[in-house]
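Peer 1: Chains as they are written, first to last, in numbering that gives the first Met the number 0: chain A, 0 to 95; chain B, 0 to 95; chain C, 0 to 95; chain D, 0 to 95; chain E, 0 to 95; chain F, 0 to 95; chain G, 0 to 95.
Yeah, the Cβ is synthetic: ideal placement off N, Cα and C, and Gly gets one too.
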Amino acid sequence: MSDLRRIVLDVLQPHDPSLIELTRRVTETERVEAASASLIELDTEVRNVKITVEGEDLDYGAIEDVINDLGGTVHSIDQVACGTYVVEDKRTLQDR
Amino acid sequence: MSDLRRIVLDVLQPHDPSLIELTRRVTETERVEAASASLIELDTEVRNVKITVEGEDLDYGAIEDVINDLGGTVHSIDQVACGTYVVEDKRTLQDR
Amino acid sequence: MSDLRRIVLDVLQPHDPSLIELTRRVTETERVEAASASLIELDTEVRNVKITVEGEDLDYGAIEDVINDLGGTVHSIDQVACGTYVVEDKRTLQDR
Amino acid sequence: MSDLRRIVLDVLQPHDPSLIELTRRVTETERVEAASASLIELDTEVRNVKITVEGEDLDYGAIEDVINDLGGTVHSIDQVACGTYVVEDKRTLQDR
Amino acid sequence: MSDLRRIVLDVLQPHDPSLIELTRRVTETERVEAASASLIELDTEVRNVKITVEGEDLDYGAIEDVINDLGGTVHSIDQVACGTYVVEDKRTLQDR
Amino acid sequence: MSDLRRIVLDVLQPHDPSLIELTRRVTETERVEAASASLIELDTEVRNVKITVEGEDLDYGAIEDVINDLGGTVHSIDQVACGTYVVEDKRTLQDR
Amino acid sequence: MSDLRRIVLDVLQPHDPSLIELTRRVTETERVEAASASLIELDTEVRNVKITVEGEDLDYGAIEDVINDLGGTVHSIDQVACGTYVVEDKRTLQDR
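1) By the criterion of Cβ-Cβ separation under 8 angstroms, what are the contact partners of C/I76 in chain B?
2) So C/K49 contacts chain G; which residues on that side make the cut at Cβ distance below 8 angstroms?
3) Give the secondary structure of E/G60 by DSSP, where H, G and I count as helix, E and B as strand, and everything else as coil.
4) Please tell me whether C/V31 and B/L18 are closer than 7 angstroms, where the distance is taken between their beta carbons.
5) Ordered along the chain, which non-local residues of its own chain (more than five positions away) have a Cβ less than 6 angstroms from that of G/A36?
6) Relative to chain D, which residues along the region 55-88 of chain A have a C-beta separation below 8 angstroms, given in chain order?
7) Return the chain-ordered list of same chain residues with a C-beta closer than 6 angstroms to the C-beta of B/T72, the five sequence neighbours on each side being excluded.
8) Just to confirm the assignment, what range does the beta strand (DSSP E) spanning F/L8 have?
9) Please name the residue or residues paired with D/L41 in a DSSP beta bridge.
10) Measure the CB-CB distance between F/G82 and G/T26 and report whether it falls below 7 angstroms.
11) Can you tell me whether C/E63 is buried or exposed, with buried defined as 16 or more other CB within 10 angstroms of its CB?
12) With DSSP as the reference, identify every bridge partner of A/I66, one or two as the case may be.
13) Excluding five sequence neighbours on each side, which residues of the same chain lie with their C-beta closer than 8 angstroms to the C-beta of A/E55?
14) Determine, for A/S35, whether the minimum Cβ-Cβ distance to residues of chain D falls below 7 angstroms.
15) Here's the rule: buried if 16 or more other CB atoms are within 10 angstroms of the residue's CB, otherwise exposed. What is D/D42?
16) CA-CA distance, F/V85 and G/L38?
17) First and last residue of the beta strand (DSSP E) that includes F/T72?
18) Tell me the residue span of the alpha helix (DSSP H) that contains E/E27.
19) For A/H74, collect the residues of the same chain with a Cβ closer than 7 angstroms to its Cβ; drop the 5 residues on either side in sequence, then sort them by chain order.
20) So what does DSSP say about E/V31, is it helix, strand or coil?
21) With a Cβ-Cβ cutoff of 7 angstroms, do F/P13 and F/V65 count as a contact?
22) If you count every other CB in all the chains shown that lies within 10 Å of the CB of E/R90, and 16 or more means buried, which is it?
23) For D/D77, I'd like the list of residues in its chain whose CB is within less than 8 angstroms of its CB, leaving aside the five on either flank, ordered along the chain.
24) Name the chain D residues that come within less than 7 angstroms of F/L41, Cβ to Cβ?
25) Check the Cβ-Cβ distances between A/V7 and every residue of chain B, and say whether any is below 7 angstroms.
26) From B/D15, B/M0, B/T28 and B/E40, pick the residue whose C-alpha is nearest to that of E/D94; which is it?
27) For B/V85, name the three-state secondary structure that DSSP assigns.
28) G/E87: buried (16+ other C-beta within 10 angstroms of its C-beta) or exposed?
29) When you compare only the Cα positions, how much space is there between B/R24 and C/E53?
30) Rounding to the nearest angstrom, what Cα-Cα distance links D/D68 and D/D15 in this structure?
31) From E/A34 to F/E20, what distance separates their C-alpha atoms?
32) In the structure shown, what three-state DSSP assignment does D/T51 receive?
33) So G/E29 contacts chain F; which residues on that side make the cut at Cβ distance below 8 angstroms?
34) Looking at the C-beta of B/R4, does it have a partner C-beta in chain C at a distance below 7 angstroms?
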C-alpha cells in the first residue's frame with residue numbers, strides 16, 4: 000500500500016483569506032483528517048506558511064487546487080510520507 | 000470535520016488588565032477548553048504575549064473580540080490546527 | 000471553566016527569608032497544590048527567582064500578598080494557564 | 000537474521016516526476032512498508048532529497064532501480080539497519 | 000501540604016571526604032529518599048558540586064548540618080520544590 | 000553476568016563492498032541481533048562509518064574479523080556496554 | 000537506605016587492555032549489574048574514557064581496584080547517586 004499519508008508544503012499566500020480559512024479549507028479536502036499551518040514570515044503583500052496535512056490516501060492535486068483557488072502557491076513540497084504508516088525523518092550524521 | 004482545534008496568537012496588550020485577566024477572559028469564550036499566555040516582551044506601554052487557545056470548533060471571531068475589548072490587538076496568527084485531531088508541526092530539513 | 004491552573008512569576012526577593020521559606024509559604028496559600036522556585040541570579044541585596052505555582056482555581060492576589068509580606072516583589076508574570084487542563088506552550092516557527 | 004530493515008539515502012532527482020511520485024514509487028517496491036522523503040535543497044535543475052525506507056528484508060537493488068528509472072541517482076547511502084529489530088544510532092561523545 | 004520534596008544545592012567541598020561519602024551522608028539524613036551529586040569544577044583545594052536531594056518533608060537544616068560537618072559550604076540554593084508533588088521548572092520565553 | 004551487549008565502532012572501509020553488505024555481514028556474526036551503520040564521511044578511497052552492534056554476549060573478535068575480511072579497519076571503539084542490561088551514557092556537567 | 004546505585008568516572012587508561020576488557024572487568028565486580036564506557040579522547044599513550052556503573056550497594060573501592068589493576072587511574076568522580084532510587088540530575092537555570 001503506497002498511500003500518501005502526510006505532506007508538508009511551503010506555501011505563499013495573500014493576507015486574505017486568513018490562515019484559519021486556508022487551513023480549514025485544506026482540511027475540508029477529501030480524505031484529509033487534520034492539517035496545521037505555521038507562519039514562517041509575514042511580508043506586506045503575502046505570508047509564507049508551512050502546512051502539514053495528514054490523512055489516508057491524500058489527493059495532492061485536490062489539496063493544491065484548494066490552495067490555488069484561495070490565491071496561494073505551493074513554493075515547494077518539503078516532506079512526503081507514503082505507506083502503511085508514517086516513517087518519521089530521523090537525524091543522521093549527514094544532517095547539518 | 001474541519002473544526003478549529005488550536006490557535007496560537009501574537010498579541011499586543013496594554014498593562015491593564017493583567018495577563019491573568021486576559022487569559023481568563025479568552026478561556027471564558029464559548030467552546031474554549033483551555034488557554035495559556037506567555038510573556039514575550041515587556042515595554043513601557045504594552046506587553047507582547049503569545050496566546051495558545053485549545054478547544055473544539057473554536058470561534059476565532061469571538062476570541063479576537065475578547066482581546067480587542069480588553070484593549071489588545073492580534074499582531075499575527077502564528078499557528079492554526081484544524082481537523083479530527085491536532086497535527087503537531089514537526090521540524091523538517093527546511094526549518095532553520 | 001476558566002480556573003487559573005498554573006502561573007510562572009519573575010520575583011525579586013531579599014536574602015531573608017530563604018528560598019525554601021518563600022516557596023513553602025507560597026505553597027501554603029489556599030488552593031495551591033505545589034510550587035517550585037529556581038534561582039535566576041544572586042546579587043548582594045536581593046535574589047531574582049522564577050516561581051512556578053500550580054493548583055485548581057489559584058488566587059493570584061493571595062499569592063502576590065504572600066510574596067509581598069516576605070519582602071518580595073513580582074517583577075513580571077511570565078506565563079499563565081487557565082481552563083480545564085494546562086495547555087503547554089509549544090515552540091512555533093515564530094519563537095526565537 | 001540479517002534482513003535489511005531501514006535504509007536512508009541521499010538522492011539527486013530531476014523536478015519531474017514530483018517528490019510525491021518518487022516516494023510513492025519507492026513505497027510500491029516489493030517488501031517496502033513505508034517511506035518518507037525530505038527536501039534538502041532545491042536547485043534549478045535538480046532537487047536533493049533524503050529518503051528513508053522501512054520494511055522487512057528490503058531489496059536495495061530494486062529500490063535503486065526505481066530511483067534510477069525516474070531519473071534520480073543515489074548520491075550516498077547514509078544509514079543502514081539490519082537484524083531482528085532496528086538499532087537506533089545514538090549520540091556518543093565522539094559525534095560532533 | 001507544603002512539604003519540601005526536592006532541593007538542588009550548589010556546594011563547595013574539600014577533596015576529603017570523597018563525593019561518594021558526601022552523597023551517602025546526605026542520603027542518610029532523616030526523610031531523604033535519594034540524592035545525587037554532580038561535579039561542576041575541580042580546583043586544587045576544593046570541588047564545586049551540584050547536589051539534588053529528594054524525599055518527603057525534607058529537613059533542610061539537617062542536610063546543611065551534614066554538609067557543614069564534612070567541611071562543605073552551601074554556596075546557593077538553586078531550586079526548591081514544595082507541595083503534594085514536584086512541579087518541574089519548564090522553559091518559558093523569558094528564559095535565556 | 001558481564002556479557003558484551005552493545006558496541007559502537009568507528010570504522011574505515013573501502014567503497015566496495017557497499018555499506019549494506021558490510022552491515023549485513025556484521026549482523027550475520029554469531030550472537031549479533033541487530034546492527035546499524037551511519038556514514039560519517041565519504042572520501043575518494045574510503046568511507047568512514049559508525050557501526051552500532053547489539054546482541055547478547057557479543058564476540059568482538061569475530062565482529063572485527065568480518066570487518067577486516069571486507070577490507071575495513073576499526074579506527075576506534077567508541078562505546079561499550081556490558082552486564083544484565085545496557086546502561087545508557089547520560090550527559091553529566093563534565094561533558095562538553 | 001543510602002546505597003550507592005550509580006557512579007560516573009573519568010578514567011585514564013593505557014591502550015592495553017582494550018575498552019571492552021576494562022568494561023567487562025568492571026562489570027564483573029561484586030554487585031555491579033551493568034556498566035558502559037564511552038571514549039572521550041584517544042592519545043598516543045592513553046585513552047580517556049567515561050565509565051558509568053550501576054548496581055545496588057556498589058563497592059567503589061573494589062571498582063577502583065579493578066581499574067588500577069588494569070593500569071588505569073580515576074581522574075575524577077563526575078556523578079554519584081545514592082538512595083532507594085536514582086535521582087536524575089536535571090538542568091536548572093544555574094547550569095551553563
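Peer 2: In terms of the structure at hand:
1) S17, L18, I19 and L38
2) L92
3) helix
4) no
5) L18, T22, V48 and I50
6) Y59, S75, I76, D77, Q78, V79, A80, C81, G82, T83, Y84, V85, V86, E87 and D88
7) L11
8) L3 to P13
9) D/R46
10) yes
11) buried
12) Answer is none; A/I66 lacks a bridge partner.
13) D2, R4, R30 and E32
14) no
15) exposed
16) 16 angstroms
17) T72 to G82
18) L18 to E27
19) D9, V10 and L11
20) strand
21) no
22) exposed
23) V7, L8, D9 and K49
24) S75
25) yes
26) B/E40
27) coil
28) exposed
29) 19 angstroms
30) 12 angstroms
31) 48 angstroms
32) strand
33) The premise fails here: G/E29 is roughly 12 angstroms from chain F at the closest Cβ pair, so nothing lies under 8 angstroms.
34) no
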